[in-house]
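Trainee:
There are 2 protein chains.
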Amino acid sequence: MEISPLTVNRLSLYLRCLHSLEGEGVGRISSLELAQQFHLSAAQIRKDLAQFGEFGIRGVGYEIPNLIERLTSLLGLDRIHPMIIIGFGNLGRALAASIGFNSGNFRVVAGLDNDPAKIGRRVGGVLVHDASETAAVVAATEAEIGVLTVPAEAAQANYDRLVAAGIRSILNFAPTRLSLNAAVRTKDVDLRIDLEELSYFLSS
Amino acid sequence: MEISPLTVNRLSLYLRCLHSLEGEGVGRISSLELAQQFHLSAAQIRKDLAQFGEFGIRGVGYEIPNLIERLTSLLGLDRIHPMIIIGFGNLGRALAASIGFNSGNFRVVAGLDNDPAKIGRRVGGVLVHDASETAAVVAATEAEIGVLTVPAEAAQANYDRLVAAGIRSILNFAPTRLSLNAAVRTKDVDLRIDLEELSYFLSS
Numbered sequence: 000m001e002i003s004p005l006t007v008n009r010l011s012l013y014l015r016c017l018h019s020l021e022g023e024g025v026g027r028i029s030s031l032e033l034a035q036q037f038h039l040s041a042a043q044i045r046k047d048l049a050q051f052g053e054f055g056i057r058g059v060g061y062e063i064p065n066l067i068e069r070l071t072s073l074l075g076l077d078r079i080h081p082m083i084i085i086g087f088g089n090l091g092r093a094l095a096a097s098i099g100f101n102s103g104n105f106r107v108v109a110g111l112d113n114d115p116a117k118i119g120r121r122v123g124g125v126l127v128h129d130a131s132e133t134a135a136v137v138a139a140t141e142a143e144i145g146v147l148t149v150p151a152e153a154a155q156a157n158y159d160r161l162v163a164a165g166i167r168s169i170l171n172f173a174p175t176r177l178s179l180n181a182a183v184r185t186k187d188v189d190l191r192i193d194l195e196e197l198s199y200f201l202s203s
Numbered sequence: 000m001e002i003s004p005l006t007v008n009r010l011s012l013y014l015r016c017l018h019s020l021e022g023e024g025v026g027r028i029s030s031l032e033l034a035q036q037f038h039l040s041a042a043q044i045r046k047d048l049a050q051f052g053e054f055g056i057r058g059v060g061y062e063i064p065n066l067i068e069r070l071t072s073l074l075g076l077d078r079i080h081p082m083i084i085i086g087f088g089n090l091g092r093a094l095a096a097s098i099g100f101n102s103g104n105f106r107v108v109a110g111l112d113n114d115p116a117k118i119g120r121r122v123g124g125v126l127v128h129d130a131s132e133t134a135a136v137v138a139a140t141e142a143e144i145g146v147l148t149v150p151a152e153a154a155q156a157n158y159d160r161l162v163a164a165g166i167r168s169i170l171n172f173a174p175t176r177l178s179l180n181a182a183v184r185t186k187d188v189d190l191r192i193d194l195e196e197l198s199y200f201l202s203s
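Chains P and L supply the protein sequences, listed in that same order. Last residue of the first sequence: 203 in numbering that gives the first Met the number 0, with the numbers rising by one and none dropped. Last residue of the second sequence: 203 in numbering that gives the first Met the number 0, with the numbers rising by one and none dropped.
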């Protein structure tokens with residue numbers, strides 16, 4: 000079963016909403032209530048969740064603990080995913096220090112940089128290694144996710160090094176078009192493109 | 000003419016590629032060459048650019064300076080867009096200091112925070128103001144883009160304050176589902192959701 004990234008993203012949203020409801024002591028919710036409370040589409044919720052079996056009972060709604068358990072397992076959030084950050088500049092450091100990023104199932108276990116002033120230092124609890132030792136660091140930490148926060152011109156070489164080291168997924172912040180390895184899941188976060196989208200709508 | 004955000008994002012990519020080619024002294028390129036060089040789809044390029052008139056001449060390709068000029072104007076990149084950052088924590092500071100974010104057409108002109116230790120201080124050239132003065136800061140700086148880097152629980156109140164202050168577009172990093180104002184263009188950058196997408200594909 001192949002689920003599209005957009006659907007996966009919505010499942011994450013639903014799970015976040017369900018956790019919030021569970022925290023408030025709510026045990027059951029209908030797609031309509033869920034939609035109204037979190038500014039979502041009830042039809043979309045029903046469609047998305049129908050793909051994974053019959054969670055909902057018509058007229059009764061979803062059992063929140065059960066749905067949380069299923070979505071948690073489906074999204075791979077029943078275990079820790081070790082991450083390494085490649086490029087320990089402003090953004091790399093900020094991500095390592097971010098509670099929203101480096102927490103829960105996602106833990107930054109090492110940094111990589113090519114700046115001798117940074118290598119061997121511990122920044123916010125994260126030890127920075129020489130980027131030339133990528134393979135050894137990935138092997139030692141069993142990192143699954145590589146977070147690429149290097150400048151655009153250094154991105155492809157570091158991407159290739161991560162792939163060669165056996166990293167299976169990459170979150171790429173470098174504003175460049177990488178030549179991708181099909182076996183590695185790569186997600187681009189291109190803030191420049193996001194700003195230009197806003198600029199377009201400001202100007203149109 | 001309404002262009003979808005995904006198309007706008009591709010136009011940004013094309014423009015970036017064209018700038019790179021122009022820097023190499025290339026004056027003209029076909030959709031096929033453009034696609035091959037930057038790992039894009041030639042058919043998609045032709046379709047996207049056809050919406051804006053006949054840039055290309057069959058068998059000849061696009062005149063790069065002309066296409067750059069048209070895309071630059073279309074994307075609103077022929078002028079500066081002042082930005083304010085709301086929440087001067089790790090991420091807000093990193094964005095203000097980032098050459099990829101705070102440069103070119105996009106300039107951070109002020110920061111906002113509610114921490115007395117930060118208010119009135121200049122961090123990386125950006126003066127941090129009291130978040131309660133959002134309206135006055137937006138008016139004084141003529142900021143067009145609000146960058147929301149506050150914790151999830153503070154996001155809605157600050158979003159509403161930005162909207163009331165007349166901000167027309169918002170880049171939201173807070174991992175929460177905001178109740179949106181339809182007149183304000185809001186773009187979410189939700190790194191947690193991006194990580195969960197990678198987690199799903201790691202687990203499936």
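A virtual CB, placed ideally from N, CA and C, is assigned to each residue, including glycine. None of these values were measured; they are calculated from a predicted model.
1) What does a CB cutoff of less than 6 Å around TYR158 of chain P pick up in its chain, not counting 5 residues either side in sequence?
2) Please compile the residues from chain P whose C-beta is within a distance smaller than 9 Å of the C-beta of ASN8 of chain L.
3) What are the boundary residues of the alpha helix (DSSP H) that LEU161 of chain P is part of?
4) Go through the region 86 to 160 of chain L residue by residue and report every complete run of the alpha helix (DSSP H) that reaches 4 residues or more, in order.
5) Given 8 Å as the limit, is there contact between the region 57 to 66 of chain P and the region 82 to 96 of chain P, that is, 3 or more CB pairs closer than that?
6) Against chain P, which members of the region 16 to 36 of chain L pass a CB distance test of less than 8 Å?
7) Check whether the Cβ atoms of GLY110 of chain L and ILE83 of chain L lie closer than 8 Å to each other.
8) Pairs of beta-carbons, one from the region 124 to 138 of chain P and one from the region 148 to 163 of chain P, closer than 8 Å: are there three or more?
9) Short of 9 Å Cβ to Cβ, which residues in the region 151 to 171 of chain P face chain L?
10) If contacts are defined as beta-carbon pairs under 8 Å, then GLU143 of chain P and LEU201 of chain L qualify, I think. What distance do you get, rounded to the angstrom?
11) Go ahead and label ASP47 of chain P buried or exposed: buried means 16 or more other beta carbons lie within 10 angstroms of its beta carbon, across all protein chains shown.
12) For a contact meaning CB atoms closer than 9 Å, what does LEU73 of chain P contact in chain L?
13) Quick one: give me the first and last residue of the beta strand (DSSP E) that ASN171 of chain P is part of.
14) I'd like to know whether the C-beta atoms of ASP112 of chain P and VAL127 of chain P end up nearer to each other than 8 Å.
15) Check the C-beta distance from ILE85 of chain L over to LEU147 of chain L and give it rounded, since I have them as a contact under 8 Å.
16) Measure from the C-beta of LEU90 of chain L to each C-beta in chain P and report whether the shortest distance is under 8 Å.
17) In this structure, how does DSSP classify HIS80 of chain L when only helix, strand and coil are distinguished?
18) Return no unless some Cβ of chain L is closer than 8 Å to the Cβ of LEU76 of chain P.
Mentor: Inspection of the coordinates gives the following:
1) LEU177
2) ASP189, ILE192, ASP193, GLU195 and GLU196
3) 151 to 163
4) 89 to 96 and 133 to 140
5) no
6) Listed by position, the residues of the region 16 to 36 of chain L near chain P (Cβ gap below 8 Å) are CYS16.
7) yes
8) yes
9) ALA151, ARG167, SER168, ILE169 and LEU170
10) 6 Å
11) By the 10 Å Cβ count, ASP47 of chain P comes out buried.
12) TYR199, SER202 and SER203
13) 168 to 171
14) yes
15) 5 Å
16) yes
17) strand
18) yes
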